[in-house]
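Asker: Could you have a look at this structure, given as structure tokens, before my questions?
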Amino acid sequence: MTIEIKVPDIGTDEVEVTEILVNIGDKIDTNQLLITVEGNKASIEIPAPCSGIIKDIKINIGDKVSTGTIIMLFDEEVLS
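With my numbering, the residue at position 59 of the sequence shown is 120, and numbering never jumps.
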């Protein structure tokens with residue numbers, strides 16, 4: 062199942078993407094860092110809310126994002 066990964070509530074209106082720490086096809090664990098954003102002179106690291114495989118990255122370095130912005134699509138990891 063495809064899961065939309067969104068920017069969580071970061072307590073500010075808009076931030077800039079300064080780092081993308083993963084690539085399409087990477088297997089990601091829950092709480093693994095995905096991106097770093099910067100706003101109000103503070104850096105915030107955004108972790109993965111679940112494990113899975115990155116299917117698509119919807120943002121680029123320099124993009125402005127806010128709470129609720131879709132940043133990635135995951136294929137949810139199915140335990141067998």
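Beta carbons: idealized from backbone N, C-alpha and C, even for Gly.
Could you name the residues of the same chain whose beta carbon sits closer than 6 Å to that of Ile-131, not counting the 5 residues immediately before and after it, in chain order?
Answerer: Once the five neighbours on either side are set aside, the close Cβ partners of Ile-131 are Glu-65, Lys-67 and Lys-119.
Asker: Answer yes or no: do Val-98 and Val-126 have a C-beta to C-beta separation smaller than 8 Å?
Answerer: It is a contact, given that the beta carbons lie within the stated cut-off.
Asker: Can you pull the DSSP bridge partners for Asp-136?
Answerer: DSSP output for Asp-136 lists Thr-63 and Ile-114 as bridge partner(s).
Asker: Within this structure, are the beta carbons of Ile-85 and Ile-115 separated by less than 8 Å?
Answerer: In contact: Ile-85 and Ile-115 (Cβ atoms closer than 8 Å).
Asker: Who does Pro-108 pair with in a DSSP beta bridge?
Answerer: DSSP lists Leu-94 as partners of Pro-108.
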